[in-house]
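Step one of this worksheet: look at the structure below.
Residue numbers (UniProt numbering): 1 to 726.
What follows is the structure, encoded as structure tokens:
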């Protein structure tokens, strides 16, 4: 069992001792070189200068040469050890500095980090907070929940760095052990000095990792010691570019794929008892790929890519049960992250070339645990974690020179699952089909990773031209041309993305904006995106087949309307007041038409009308009622973005809490989704924020006038949308 370093040990160990030890080993090397020089000049030379002849001389000369060689080997070994110790000191110092920096960031974020590395949020240590009268409120519980989540996140970050230090420590031990082992069986000594001692820790690790990888690749199981070693070794190799590239060069793309297949087979079928160990090795191997391919200008990169192109289309299975290289390789990549933009884009291009050359290559014959049948879709999912890479891959470009979006939405033959039975061969959609595409589009169009469940899109988000081009072309490509649903795995992520363009969709759906004058993306000091109103409506309708997709879009639009409403002053008159209200009403009317079209569609079998409304309501309220903080899905918001929707959403939420069945909640949803009730409640929130009282005549007149303008726009929006959705 390998010993594990603690946080306290990492933070307190005296690393200066390594430098002092290295200096001593350098002195030892010089001493051995001096002794060798004396030995060669005063002893070995006697056997070679002709002054000593005979049988004794013949016997002595080889021995003297061996002794001289040992002095050379001793100096080599000593210098290697000195180099390893300095290498260790550099690694340990770098890792400890990273750990100290992380601890400082945690403390700046309100965490307390103990000498043992335990993390506790300061607010949870505050006895005053625990005894606060508000400690039983929902807001307090949410604060404590967020504090606990932050503790967990910081604890994991600190633990990861301690583990990296521990891995490096094992690597130093491995390298030092290898340095003092006599590798020459013919040097005349059973356990002499090592003339081939390596002074680079990473080279030793890459060499040892290669040995273990080749053993696994050949189908031989690792013993307990090797299994333990392989886990930290694969992780540690992944920390260094040279070690990663050396290792991958050693086993090659074919070897990498065969190794991944072997680990996967053992983890999920043949040796489940060691599944965790094999998955750790897979994660290390994936990280090694990430590190090795990070620099696309390196000599390694193109050579590796060429080899991977060949291996990617190669069948590593059988004729009746094929398993192609790209399927295994991209599935392996799923165990890691932080892949470079160039590598992700190049790999995507290469997979497309392969599948165009070999139609139907990814057809799934049988389900393999942890192997994704569609490497391109899975790669797109991985790409979504690097939004810049996703944007680069999917952006059509100013001159429409990149056709990836068009290929993926309109031209690609998406892989199918094939099942043979007595009744014949049948093909079905793969359950996860297009899930990666949806995630990649969300990341590419928004500039952030896909939102987790429960997170809110930012309706006021700003975008780059490239991101907006992705959104623009996606809307056009998803448009079904009629009132119908989008593929299931696209609905939620595309709704998340489109919700962050609420400032644009608001103008388009209003029907009176100058947005109607252009179809495309432009930058007039602010990047804007516009499509034809009918195209947008059909796309929104297609995404709204999923009640949560509709809720996401409608919730973001309502928040934007609330923000627009908050800009109005009680003193605004005429068009200054009426135009924004009428436009907002038209947007709400468009959503009413979309909602009715979904519910009344006899072709929809996914949900009953009541189920759809109930699920939509829960998702909508879960987003609107939950306060938002910062970051993707947690952006900072002002009162304006919340004020109007808060009044409406809280009233609705309180009614929903009293009911438990979908039929009842559907009726409640009908009540609150009615545009008249929604706008009245939103206007009530606006009035409260602007000092307007409904109890006096002036206040009532202001609110009624605004409500009337809202409703005029709503009627216009409903009629226009229904006409365009036919």
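Backbone N, C-alpha and C define an ideal beta-carbon position, used for all residues, glycine too.
This structure is a prediction, so every number in the text was calculated from the model and none was measured.
C-alpha gap between residue i and residue j, whole angstroms
i, j, result
"residue 241", "residue 292", "5 Å"
"residue 514", "residue 556", "22 Å"
"residue 19", "residue 88", "9 Å"
"residue 567", "residue 517", "25 Å"
"residue 210", "residue 301", "19 Å"
"residue 580", "residue 455", "28 Å"
"residue 523", "residue 297", "33 Å"
"residue 737", "residue 462", "Residue 737 cannot be examined here, being either before or after the span of the chain that is shown, 1 to 726."
"residue 41", "residue 183", "27 Å"
"residue 691", "residue 545", "40 Å"
"residue 147", "residue 121", "6 Å"
"residue 77", "residue 177", "11 Å"
"residue 533", "residue 381", "30 Å"
"residue 50", "residue 201", "45 Å"
"residue 685", "residue 599", "30 Å"
"residue 612", "residue 485", "14 Å"
"residue 618", "residue 610", "12 Å"
"residue 712", "residue 139", "38 Å"
"residue 166", "residue 235", "11 Å"
"residue 46", "residue 39", "10 Å"
"residue 754", "residue 114", "There is no way to answer for residue 754, as the model of the chain reaches only from 1 to 726."
"residue 43", "residue 17", "38 Å"
C-beta contact flag for residue i and residue j at 8 Å
i, j, result
"residue 494", "residue 543", "yes"
"residue 725", "residue 538", "yes"
"residue 564", "residue 584", "yes"
"residue 467", "residue 588", "no"
"residue 123", "residue 143", "yes"
"residue 502", "residue 459", "yes"
"residue 394", "residue 470", "yes"
"residue 377", "residue 341", "no"
"residue 447", "residue 396", "no"
"residue 373", "residue 430", "yes"
"residue 332", "residue 260", "yes"
"residue 369", "residue 327", "no"
"residue 412", "residue 427", "no"
"residue 554", "residue 620", "yes"
"residue 697", "residue 616", "no"
"residue 321", "residue 262", "no"
"residue 472", "residue 531", "yes"
"residue 474", "residue 521", "no"
"residue 117", "residue 7", "yes"
"residue 699", "residue 687", "yes"
Simplified DSSP state of residue i, which is helix, strand or coil
i, result
"residue 195", "coil"
"residue 527", "strand"
"residue 252", "helix"
"residue 37", "helix"
"residue 120", "strand"
"residue 726", "coil"
"residue 4", "coil"
"residue 470", "helix"
"residue 113", "strand"
"residue 520", "strand"
"residue 14", "coil"
"residue 728", "A query on residue 728 cannot be resolved here, the shown segment of the chain reaching from 1 to 726 and no further."
"residue 200", "coil"
"residue 98", "helix"
"residue 73", "helix"
"residue 48", "coil"
"residue 215", "helix"
"residue 595", "helix"
Expected contact under 8 Å - CB spacing of residue i and residue j to nearest Å
i, j, result
"residue 251", "residue 213", "5 Å"
"residue 443", "residue 450", "6 Å"
"residue 586", "residue 708", "Not confirmed; about 14 Å, so no contact."
"residue 164", "residue 239", "7 Å"
"residue 280", "residue 247", "Their Cβ separation, rounded to whole angstroms, is 16 Å, which puts residue 280 and residue 247 out of contact at 8 Å."
"residue 32", "residue 60", "Their Cβ separation, rounded to whole angstroms, is 22 Å, which puts residue 32 and residue 60 out of contact at 8 Å."
"residue 363", "residue 415", "6 Å"
"residue 325", "residue 307", "About 10 Å separates the two Cβ atoms, so there is no contact after all."
Any non-hydrogen atom of the ligand FMN within 7 Å of residue i CB
i, result
"residue 538", "Only the bare structure without any ligand can be found here, which leaves the ligand FMN out of the picture."
Inside the region 397 to 451 only - alpha helix (DSSP H) runs reaching at least 4 residues = 435 to 446
With a floor of 4 residues, list each alpha helix (DSSP H) that falls wholly inside the region 295 to 372, ordered by position along the chain.
-> 299 to 312, 325 to 333, 341 to 357
Runs of alpha helix (DSSP H) wholly within the region 471 to 508 (minimum 4 residues, chain order) | 488 to 499
Return the chain-ordered ranges of every beta strand (DSSP E) run that is complete within the region 233 to 290 and spans a minimum of 3 residues.
-> none
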